[in-house]
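Chains as they are written, first to last, in the working numbering: chain A, 604 to 830; chain B, 2 to 80.
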């Protein structure tokens with residue numbers, strides 16, 4: 604299983620994401636923002652950082668980069684994409700996910716472990732049940748997810764909300780921490796699953812989402828046909 | 002042709018930056034009851050006339066300079 608990890612100028616969590624992919628037994632493939640294709644990967648991670656210096660709006664310029672055309676095609680073909688932190692901002696700016704990320708209501712950078720309540724069972728969250736709480740770190744300034752009331756209730760009805768903060772750290776509407784697109788193959792969150800993959804550093808709960816990404820990649824992989 | 006694009010938070014959207022400025026102004030004793038913070042972009046647009054400059058700038062504002070979910074924009078062409 605090959606998982607693409609996209610790097611932008613200003614990305615900083617791309618190496619941790621690639622390392623986490625390796626820990627889960629898959630092959631990380633480093634992709635560059637100027638790439639026109641995804642080198643045939645089965646899944647894509649848009650990692651955290653400060654793409655293009657977060658100029659204009661976080662994720663806004665990265666959403667216009669050449670590699671995003673290829674990511675869009677990949678997503679439209681039903682293959683999985685996981686956005687983490689800045690990756691969430693990139694995917695909302697690219698309109699591959701609903702809503703927008705705004706500065707934290709406190710205007711303070713938040714950096715700590717946080718509890719995430721599982722909203723519903725999903726292929727993105729293998730082995731956990733609704734109501735379970737995952738502990739995964741956050742570190743962001745612009746993590747206040749916004750959607751208008753109508754969009755928000757639609758997302759809840761459609762089951763597109765996967766995780767909510769147990770204790771809202773940034774002012775997100777409905778304490779939403781993780782959403783998917785309608786088809787369910789694109790998901791993103793502000794917390795950092797790639798920083799929670801080893802007991803030594805506090806939590807292995809991040810493995811759940813990364814395992815979910817690999818499971819979805821397995822399900823959407825093209826069937827090999829014999830000649 | 003010089004075009005200015007003003008980008009503001011949409012009405013009803015909370016603007017923590019504006020709120021922080023308002024609190025500081027209140028601390029200084031200024032009677033500013035509400036502050037909303039936005040952005041200003043001066044563009045030099047290569048266009049034949051004012052109407053096409055306005056159209057191009059509006060497209061840029063819609064697609065790039067603002068996020069219509071949370072922001073509104075206004076285009077002004079220098080006379």
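Cβ atoms here follow ideal geometry from the backbone N, Cα and C, with glycine treated the same way.
Fair warning: this is a prediction, and the values are worked out from it, not measured in the lab.
Less than 9 angstroms between the beta carbons of residue 715 (chain A) and residue 747 (chain A), yes or no? no
How would you write the range of the alpha helix (DSSP H) that residue 617 (chain A) sits in, first residue to last? 617–626
Determine the chain B residues that contact residue 894 (chain A) at a beta-carbon separation under 8 angstroms, and present them in chain order. Nothing about residue 894 (chain A) can be reported from this structure: the residues present for chain A run from 604 to 830 only.
Measure from the alpha carbon of residue 689 (chain A) to the alpha carbon of each residue in A:812, A:682 and A:664, then state which is nearest. A:664
Among all the DSSP beta bridges, which residues are the ones paired with residue 9 (chain B)? Partner(s): B:73.
Have a look at residue 754 (chain A) and residue 19 (chain B) and give me their C-alpha separation to the nearest angstrom. 25 angstroms
Backbone secondary structure at residue 713 (chain A) - three-state DSSP: strand
Within this structure, are the beta carbons of residue 647 (chain A) and residue 608 (chain A) separated by less than 9 angstroms? yes
Please state the DSSP three-state secondary structure of residue 828 (chain A). Note on residue 828 (chain A): pLDDT 48, under 50, position unreliable in the model; no value is reported.
Just to confirm before moving on: does the CB-CB distance between residue 605 (chain A) and residue 637 (chain A) stay below 9 angstroms? No. Outside cutoff.
Could you check if residue 733 (chain A) is buried or exposed, using at least 16 other CB atoms within 10 Å of its CB as the buried criterion? Burial call: exposed.
Does residue 34 (chain B) get closer than 9 angstroms to chain A when you measure Cβ to Cβ? no
Would DSSP call residue 610 (chain A) helix, strand or coil? Secondary structure of residue 610 (chain A) (DSSP, three-state): strand.
Spatially closest choice to residue 620 (chain A) from A:818, A:824 and A:794, by CA coordinates: If you compare the alpha carbons of A:818, A:824 and A:794 with that of residue 620 (chain A), the shortest gap goes to A:794.
Residue 702 (chain A) touches chain B at which residues, Cβ-Cβ below 8 angstroms? 70
Could you tell me the distance, in whole angstroms, from the CA atom of residue 811 (chain A) to the CA atom of residue 617 (chain A)? 18 angstroms
Using a beta-carbon distance below 9 angstroms, is residue 663 (chain A) in contact with chain B? yes
Secondary structure of residue 57 (chain B), DSSP reduced to three states: helix
Measuring straight from C-alpha to C-alpha, what distance separates residue 828 (chain A) and residue 822 (chain A)? Per-residue confidence for residue 828 (chain A) stands at a pLDDT of 48, beneath the threshold of 50, marking its modelled position as unreliable; the derived number appears in the next sentence. Their Cα atoms are separated by approximately 16 angstroms.
Alpha carbon of residue 744 (chain A) to alpha carbon of residue 808 (chain A), nearest angstrom: 22 angstroms
Exposure label - residue 717 (chain A); buried when at least 16 CB within 10 Å: buried
I'd like to know if the segment 696–710 of chain A and the segment 779–795 of chain A are in contact, where contact means that at least 3 CB-CB pairs between them fall below 8 angstroms. yes
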